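As structure tokens, the structure follows; a few thoughts come after it.
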Amino acid sequence: MATASPASQFSVLLRRSKFASYDTTIGQVYTSHGGHLHRGNWGFKRPLPIRRRGAYIMVNSVDSKEEQTEWKAASREGRFMKMWDEVAVRPDLDTQHGSWAEKLGARAQLGWSIDTEFIDAAEATAEADVTSQAKSAIHGPVSTAVPNIYAMSEKEFDQYIAQLRKSRPAYLSFLRELAARKAQANPADPAGEFSSAWDSSFKPTKDHRLFLGSKAYNTYNSTESRSIEQQPQHFGGLVYSHTSALQSHLLRKPKPAHVTISSSPAVSFAGLHADVANSSGVVNSAIDFNKIANNERNPTEGVGMFKFKNITFTQAPEVVSKKPQNLFSTSMRGVVVPDGASEMERSNTHWPGSPAYVGHNARKIKSDAILSSRSNIFMSRVPKPPTEQEAVDSETVLNTLNTMLGNKPKAYGPR
């Protein structure tokens, strides 16, 4: 009697395996392509029933108690990133009210230095200026990469509190030194008086945050330290390219948007509700939501072509936490301009870098000048035959020159 062969170790390990790159504390969006998508293969232990092209999902659990893969659709997140790649400009950080700029600290004031003759020389030393200002401040240099108590477990939080209790003498010394510096800078400032930590706890200051930032700075910059300072991406991973405003304005193609409000023009553009800077080129009719409710909407109603003028980035979602946030936690404000609204404001409307752009005379601006297409950039440079008026003007100039030289004027023409 033949005995059944034992199950292979590979199949046993495969059934017990987990998704290697999956982490419940990191919000990730997954997609699949080609034949893998057709078979429902998303890289998990079991196939998923979603098989349409261009689908995106977010996974809540690879193996639930019911031995199922829990997932939900994330098409909005996937489409937003695609739209952003098409229309995006380099955002500006909201340094006044933005929580993301607060996390970046002094680095939020730094821009991307471009090595070009058109840039101001003062911008090249911006990073050095920010560093020197931080060192010369009253509280000294600080780091924004302090431990995040909201991402700690109960055990980690208890250990962190124990470390802070040991730092109490250093904190009192920091308060005394800070008060002395404030009194030296401004003797009339009452903040320069320090009596005890108990009295300081009632003052509306952020001295405790400054102490934690100063302690973190000394830890990261110590020669014996093995800790690496966290440096978040400048825009929270929204965009990694350093596209200048001029490049975005000239080379980005306009995209369609829906005008939602006609009185104070506002549009729905690339997943954002943006304001319109110049309403001269906006279509008159906005979307009629009453027709939408009655299924009578015209697909072309309120549609126009726009470009981003600027984006103000305020807040990024917390994608690394016990409960990762989604796209709705992002806070941005956008301003758009209609396509062609600013063409007449440019003194040189030819394609940048073309012979017409280089040889353009700014004193003579044609009202019908438009951006030349790429196919017409490298046209033949053979001069056109002069017109009748140009020939008369040339003859007049030559006669005038001959008169000035003392020669007898004579007409120049074909013999």
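Position one of the sequence shown corresponds to residue -14 (our numbering), numbered consecutively onward. Using N, Cα and C, we set each Cβ at its ideal position, and we do this for glycine too. Fair warning: this is a prediction, and the values are worked out from it, not measured in the lab.
By a C-beta neighbour count over all protein chains shown, 10 Å radius and 16 as the cutoff for buried, is VAL75 buried or exposed?
-> In the sequence as displayed, the identity of residue 75 is Arg instead of Val. By the 10 Å Cβ count, ARG75 comes out buried.
What are the boundary residues of the alpha helix (DSSP H) that MET43 is part of?
-> No alpha helix (DSSP H) holds MET43; the beta strand (DSSP E) holding it covers 42 to 46.
Beta bridge counterpart(s) of ALA251 as assigned by DSSP | Residue pairing for ALA251: DSSP places it in a beta bridge opposite ILE246 and ASP260.
For PRO241, the three-state DSSP class (helix, strand or coil) | strand
Between which two residues does the alpha helix (DSSP H) containing THR204 stretch?
-> 192 to 205
Exposed or buried, which one is LEU386 when buried takes at least 16 other CB atoms within 10 Å?
-> exposed
Nearest-angstrom Cα distance between ALA40 and MET317?
-> Looking at the two C-alpha atoms, the distance is approximately 25 Å.
Cα-Cα separation between ALA165 and ILE11, rounded to whole angstroms = 45 Å
C-beta contact flag for LYS57 and MET43 at 8 Å | yes
Looking at C-alpha atoms only, which residue of ALA59, SER17 and ASP192 is the closest neighbour of LYS167?
-> ASP192
Terminal residues of the alpha helix (DSSP H) in which LYS30 lies = From DSSP, LYS30 is part of no alpha helix (DSSP H); its letter is neither H nor E.
Just how far apart, CA to CA, sit ILE272 and THR299?
-> One C-alpha to the other measures close to 28 Å.
Could you round the C-beta distance between SER128 and TYR205 to whole angstroms and report it? I think they count as a contact, below 8 Å.
-> 6 Å
So the alpha helix (DSSP H) ALA58 belongs to, where does it begin and stop?
-> Note, ALA58: premise wrong, no alpha helix (DSSP H); beta strand (DSSP E) at 55 to 58.
ARG211, DSSP secondary structure in three states | coil
What is the residue span of the alpha helix (DSSP H) that VAL343 lies within?
-> 340 to 343
By how many angstroms is the C-alpha of ASN346 removed from the C-alpha of VAL382?
-> 21 Å
Name the two residues that bound the continuous beta strand (DSSP E) containing LYS308.
-> No beta strand (DSSP E) holds LYS308; DSSP gives it neither H nor E.
When the Cα of SER247 is compared with those of LEU236, ALA255, ARG237 and ALA259, which residue comes out closest?
-> Selected option, being the one with the closest Cα: ALA259.
ILE134 classed as buried or exposed, judged by whether at least 16 other C-beta atoms fall within 10 angstroms = By the neighbour-count rule (16 or more Cβ atoms within 10 Å), ILE134 is not buried but exposed.
Mind checking whether LYS424 and VAL252 have CB atoms under 8 Å apart?
-> Any answer about residue 424 is impossible in this case: the structure gives the chain only from -14 up to 400.
Starting from ILE296, trace the beta strand (DSSP E) both ways and give me its first and last residue.
-> 288 to 300
Given a threshold of 16 other Cβ atoms within 10 Å of its Cβ, counted over all protein chains shown, does PHE274 qualify as buried or as exposed?
-> exposed
Roughly how many angstroms separate the alpha carbons of PRO126 and MET68, rounded to a whole number?
-> Rounded to the nearest angstrom, the two C-alpha atoms are 40 Å apart.
Separation of SER212 from ALA147, as counted between CA atoms = 20 Å
Short Cβ contact (8 Å threshold) for GLU62 with ASN311 = With contacts defined as CB atoms closer than 8 Å, GLU62 and ASN311 qualify as a contacting pair.
Check whether ALA73 and VAL224 have beta carbons under 8 Å apart = yes
Short check: CB of VAL14 to CB of PHE29, under 8 Å?
-> no
Boundaries (first-last residue) of the alpha helix (DSSP H) holding PRO154 = 153 to 170
Over the uninterrupted beta strand (DSSP E) stretch that includes GLY12, give me the two end residues.
-> Segment: none, GLY12 is in no beta strand (DSSP E) and carries neither H nor E.
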